[in-house]
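All remarks here apply to the structure that follows.
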Amino acid sequence: MTQAINHDAFAAKCRRFLDAHAQRRDNPAGENSEDPDTIPVFDSPERAEEEEQLAQAKRWQRDLFDEGLAWITGPSAFGGAELDQRCQDIFDEMCLQYRLPKLNTVFVTLHIVLPGLLAGASEQLKLELVPMMLRGDIIACQLFSEPGAGSDLSAVSTRAVRNGSGWVVTGQKVWTSGGHYSDIGLLLARTGDDAVQHRRLTMFVVDMHDPAVNVQPLREMSGGAHFNEVFLDALQIPDSRRVGDVNDGWKVAMATLGGERKAVGYSSEDPNWIVVQRLIDLAWRAAATGQLAAGVLDAVVDCYVLGAAVEHTAANLAAAERRGELLGPEMSVLKLLRNRLLRNCIEAAKHILGMSMLADTGEWGTYAWGRAATLAPGLRIGGGTDEIQRNVIGERLLGLPR
1 MTQAINHDAF AAKCRRFLDA HAQRRDNPAG ENSEDPDTIP VFDSPERAEE EEQLAQAKRW
61 QRDLFDEGLA WITGPSAFGG AELDQRCQDI FDEMCLQYRL PKLNTVFVTL HIVLPGLLAG
121 ASEQLKLELV PMMLRGDIIA CQLFSEPGAG SDLSAVSTRA VRNGSGWVVT GQKVWTSGGH
181 YSDIGLLLAR TGDDAVQHRR LTMFVVDMHD PAVNVQPLRE MSGGAHFNEV FLDALQIPDS
241 RRVGDVNDGW KVAMATLGGE RKAVGYSSED PNWIVVQRLI DLAWRAAATG QLAAGVLDAV
301 VDCYVLGAAV EHTAANLAAA ERRGELLGPE MSVLKLLRNR LLRNCIEAAK HILGMSMLAD
361 TGEWGTYAWG RAATLAPGLR IGGGTDEIQR NVIGERLLGL PR
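Per UniProt numbering, the sequence shown runs over residues 1 to 402.
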C-alpha cells in the first residue's frame with residue numbers, strides 16, 4: 001500500500017453500509033441474534049428455512065463484495081480491499097451493533113474451502129473461483145470424510161486415476177455439510193500407493209452438479225438433514241481443477257482444517273458466552289423455585305470459569321493473528337476448550353431440567369437444551385474429534401513423540 005489509510009473515513013463507510021443493509025440492535029451489549037430460548041451450537045434447520053437462510057446469506061455476501069467489504073485485508077486481484085487488520089477490526093466491532101443474517105450456509109465456503117484454495121490452487125483457478133465465492137455466487141462444500149476415513153483422514157479410499165489430461169474419480173464421501181446446495185466441492189482423493197498414506201493424496205475441485213455426483217441426505221437425531229453422503233461414479237475431472245501438486249493434497253487438507261478449527265473457535269456473536277448465559281438464566285429460574293441443588297450450582301460456576309478461559313484464549317489467539325503470527329495447531333486448544341465448555345453446560349442443564357429436557361414440556365429452556373444435546377456431538381466431530389485435537393496439541397505444540 002502506497003498511501004496511508006484513513007480509518008475514520010473507513011469507519012464512516014462501514015456505518016453507511018450497515019445502516020443501509022441491516023437493522024440496528026436496541027441493546028447491543030446485552031442482545032444477540034439468537035432467540036432467548038436457543039442454545040447456539042450449530043444450525044440444522046429444515047429445508048425450507050435453510051433455503052431462505054442461503055438466499056439471505058448470498059445477498060449479504062453480494063452486498064459486502066460490491067462494497068469492498070467481503071475480504072477487507074485481501075488482495076484486490078481476488079476481490080479484496082488490501083486494507084489493514086485495523087480496518088477489519090473496525091468493521092467486525094461495528095457489526096456487533098446490528099442484526100445480521102445467519103451465515104451458516106456459507107461457513108464452509110468462506111472458512112474451510114477458501115483457505116484450501118488459497119493455500120494450493122493455481123493462480124488461474126484462484127482468480128476464477130475466489131471472487132465468486134466471496135460474492136456468494138459459488139457455494140462450496142468439503143469432500144473429505146469417508147465411511148472408513150473420518151478421524152484418520154489419511155485413510156481415504158476414494159481414488160483418482162489418470163486419464164489422459166484429466167482424472168477419473170470413484171468413491172464415497174460422508175458427513176458433507178451443505179453438499180445438497182453446493183456448486184463445487186473440495187475433494188481429497190488417493191492418487192497412488194505408499195507406506196505413508198498421506199503422501200499419495202491429491203486435492204481437486206469438483207462440479208457438484210455433474211451427473212456423476214450423487215448427493216444423498218443424512219437425517220440427524222436433531223431432525224435436520226444438514227449432512228450428506230456423496231457418491232462419485234467415474235467422475236471426470238480436468239487436471240486444471242487440481243489444487244496443489246499431485247500426491248501433495250495433505251498440505252492443502254491441513255490448511256482447510258486449520259481454517260475450520262479457527263472459525264469454530266472464533267465468532268462475532270461469542271457463542272461460548274451465550275451458552276454460559278443461558279445456563280445461568282436456567283439456574284436462576286430453578287433457584288427461584290427452590291429446585292437448584294448445591295452440587296449443580298457448583299457445576300454452573302465451573303462452567304462460568306471455563307467460559308472465561310475460552311474467552312481469554314480466543315482473545316489471545318486473535319491478538320496473535322493480528323500481530324501477523326501464523327496460527328495452526330494452537331487453534332486445536334481453542335476448539336478443545338469450547339467443546340468441553342458446551343459438554344459441561346449441557347450436563348449441568350440436564351441435572352437442572354431432568355427428564356423434561358428430553359420431553360419438551362413447554363417449560364422455558366426444555367426445547368433449547370434438548371436440541372443442543374442432540375447437536376453437540378457434531379461440533380465435537382467437525383474439524384477433527386477431541387482425540388485428534390489432543391494428538392495435534394501433544395505432537396505439534398508440546399513436541400511429544402507419536
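All C-beta atoms, glycine included, are put in the ideal place defined by N, C-alpha and C.
This one's a predicted model, so the numbers in the text were calculated from it and none came from an experiment.
Collapsed DSSP secondary structure at residue i in the structure displayed
i	result
N228	strand
A77	helix
G328	coil
G164	coil
P211	coil
V333	helix
M355	coil
T401	In the sequence under discussion, the amino acid at residue 401 is Pro, which differs from the Thr named in the question. DSSP places P401 in coil when its eight states are reduced to three.
D233	strand
G249	helix
I388	helix
F144	coil
V206	strand
K173	strand
Q23	strand
G116	helix
R322	helix
R219	coil
S131	Checking the sequence shown, residue 131 turns out to be Pro, not Ser. If DSSP states are grouped into helix, strand and coil, P131 belongs with the helices.
Outcome for residue i when other beta-carbon atoms lying within 10 angstroms are tallied against a minimum of 16
i	result
M355	exposed
N344	buried
I388	buried
W284	exposed
G265	Residue confidence for G265 is low, a pLDDT of 49 falling below 50, so the modelled location carries little weight; the figure read from the coordinates is stated next. The residue in question, G265, is buried, as its Cβ has 16 or more Cβ neighbours within 10 Å.
P40	buried
A286	buried
V161	exposed
S76	exposed
G164	exposed
P238	exposed
residue 403	Since the displayed the chain opens at 1 and closes at 402, residue 403 lies outside it and no answer follows.
P101	buried
G295	exposed
L117	buried
Reference residue i; option with closest CA among the options
i	options	result
A11	A70, V301, R86 and R24	R86
R15	P45, L218 and F91	F91
A372	M221, P329, E51 and G384	M221
L327	A286, I393 and G384	I393
K335	L353, G324, R323 and A376	A376
V301	L257, E347 and E330	E347
M133	D63, D89 and L18	D63
E49	L18, M94, E321 and T105	T105
L54	P211, G136, L125 and L379	G136
V333	L118, R380 and E51	R380
E123	G244, R323 and V113	G244
A255	M331, R390 and G74	M331
L235	T170, R219, Q216 and A9	T170
D233	D210, E321 and Q291	D210
T191	V213, S177, G166 and V215	G166
residue 413	G295, R241 and G224	Examination of residue 413 is not possible in this model, given that the chain is present from 1 through 402 alone.
V230	T158, L297 and V168	T158
A212	Q172, G178, L218 and G224	Q172
L218	P401, I5, E46 and L96	E46
D66	P131, N214, S177 and V215	P131
G382	E128, F107 and T366	F107
L186	V113, E128 and V215	V113
Same chain, Cβ closer than 6 Å to residue i, neighbours up to 5 away in sequence not counted
i	result
R396	P329
A253	L188
P147	V174
A121	V243
Q56	P101
A119	V252 and A255
Same chain, Cβ closer than 7 Å to residue i, five either side skipped, listed in chain order
i	result
W175	S145 and F227
N272	G307, V310, E311, R338 and L341
T38	A368
E363	S356
Cβ-heavy atom distance, residue i to the ligand ATP, below 6 Å
i	result
V174	Judged by which ligands are present, the structure shown has none, so any question about the ligand ATP falls away.
Close Cβ partners of residue i (< 8 Å) along its chain, the five nearest in sequence each way excluded
i	result
D193	R200
M94	A11, C14, R15 and L18
I72	G80, A81, L83, C87, Q88 and F91
A299	N344, E347, A348 and H351
S33	Note on S33: pLDDT 44, under 50, position unreliable in the model; no value is reported.
residue 406	As displayed, the chain neither begins before 1 nor continues past 402, which places residue 406 out of reach and without an answer.
CB contact below 7 Å: residue i versus chain B
i	result
P377	In the structure shown, chain B cannot be found, because there is only a single protein chain.
The region 73-86 in contact with the region 147-157 per 3-pair CB rule at 8 Å: no
Cβ pair count under 8 Å reaching 3, the region 233-250 against the region 197-207: yes
Cβ contact (3+ pairs, closer than 8 Å) linking the region 272-283 and the region 299-311: yes
Segment contact flag, the region 170-185 with the region 126-144, C-beta cutoff 8 Å, min 3 pairs: yes
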